[in-house]
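Asks:
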Amino acid sequence: QVQLVESGGGLVQAGGSLSLSCAASGRPISSYFMGWFRQGPGKDREFVARIRWSAESTVYADSVKGRFTLSRDNAKNTVYLQMNSLKPEDTAVYYCGAGSTSSKYEYWGQGTQVTVSS
3 QVQLVESGGG
13 LVQAGGSLSL
23 SCAASGRPIS
33 SYFMGWFRQG
43 PGKDREFVAR
53 IRWSAESTVY
63 ADSVKGRFTL
73 SRDNAKNTVY
83 LQMNSLKPED
93 TAVYYCGAGS
103 TSSKYEYWGQ
113 GTQVTVSS
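In the numbering used here, the protein residues as written are 3 to 120.
#1: Using the Cβ count rule (16 or more neighbours within 10 Å means buried), how would you classify residue 6?
#2: So, is residue 13 buried or exposed, given that buried needs 16 or more other C-beta atoms within 10 angstroms?
#3: Check whether the Cβ atoms of residue 19 and residue 88 sit closer than 9 Å, and answer yes or no.
#4: Whole-angstrom Cβ separation of residue 52 and residue 35, contact assumed at under 8 Å?
#5: Among the candidates 9, 94 and 117, whose CA atom is the shortest distance from the CA of residue 26?
#6: Could you pull the DSSP bridge partners for residue 40 from this structure?
#7: Going straight from the alpha carbon of residue 33 to that of residue 79, what length do you get?
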């Protein structure tokens, strides 16, 4: 089992920045894909970014490319999502996931709310 805990959400004005963290416990996540997803009001959950821990490769949704940066700290078993130039449409609950493949995430955090005001 892998437990994931997100933190760092909050309220920010458009153009501002936030940094989200996802701390994992239970087992090392070196073999997992680690991803961030988000679900806005009245919307389906959507992919934001993912990283292949051991390969250090990252993939971003087009909507966040160039504004968000995904990184990880091996020693802390934690991944981070740095979000810059935030827009009101980035408002959502952000979820961290750990998956055995890039499209199958078995473990999820509880989510953290990000609200961007215009």
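Virtual Cβ for every residue (Gly too), placed ideally from N, Cα, C.
Replies: Short version:
#1: buried
#2: exposed
#3: yes
#4: 5 Å
#5: 9
#6: 48 and 96
#7: 12 Å
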